[in-house]
DNA sequence: GCATTGATTGGGG
DNA sequence: CCCCAATCAATGC
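Residue numbers (my numbering): 1 to 172.
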């Protein structure tokens, strides 16, 4: 059996996804989209090459459209089901708050901390953002430091700058 | 503006 | 336990 996290199944399939901004990699479980990697990310060797699954094919199309939508500064009309089972309770709470940040807006790590009823956990929110398995669709790029500086980004700060610039431009 | 520092939380080994 | 981290506010320069 493949490795499992928190008692949940590991990814069943992995796909390369060609977009206008390069080749993203995504993984699916039986629940939905589990991970999304930027084109520049180091990809792990594929253990689980399973026969094509109809649901995964459908989710792949939806995921591709959602990525392209975000790259254009729009809000995706539809998202694939997201499998957040790899997260702890706190991380999932943070990730759900991230999904509530409207396109074109930002929040500070401290604001997200407050939204999860842990006003002093700003630093932990940063760590939870870093552990976000589905960047772009879970928009951790919209979280910045209280003083207006960018903070960090697991996909590289260039991507964070780029995404925020796209959304800012689109909003004006 | 920038650097330092103490407080603080959640996660992982 | 201990260490790390995508923080923050206060402080001094």
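Where is the CB? At the ideal position from N, CA and C, for every residue including glycine. If you're wondering where the values come from, they're calculated on a predicted model, not measured in any experiment.
- Looking only at 133, 134, 91, 141, the smallest Cα-Cα distance to residue 117 is reached by 91.
- Contact annotation, residue 112 with residue 94: C-beta distance approximately 6 Å; criterion of less than 8 Å satisfied.
- In the DSSP assignment, residue 22 falls within the beta strand (DSSP E) that extends over 22 to 28.
- With fewer than 16 other Cβ atoms from the protein chains shown falling within 10 Å of its own Cβ, residue 100 counts as exposed.
- Between residue 155 and residue 143, the C-beta gap is not smaller than 8 Å, which leaves the two residues out of contact.
- Straight-line measurement puts the Cα of residue 56 at about 41 Å from the Cα of residue 147.
- DSSP places residue 69 in no beta strand (DSSP E) but in the uninterrupted alpha helix (DSSP H) bounded by 54 to 71.
- Following the DSSP letters along the chain, one finds residue 129 inside the alpha helix (DSSP H) bounded by residues 122 to 130.
- Taken in chain order, the complete beta strand (DSSP E) segments of 3 or more residues contained in the segment 90 to 125 number zero; there are none.
- The continuous beta strand (DSSP E) containing residue 19 extends over residues 13 to 19.
- Taking residue 13 as reference, the option from 36, 19, 128, 22 with the minimal CA-CA separation is 36.
- The residues 109, 110, 113, in chain order, have a CB closer than 6 Å to that of residue 122 in the same chain once the five nearest residues on each side in sequence are set aside.
- For the pair residue 27 and residue 17, the CB atoms are not nearer than the 8 Å cut-off.
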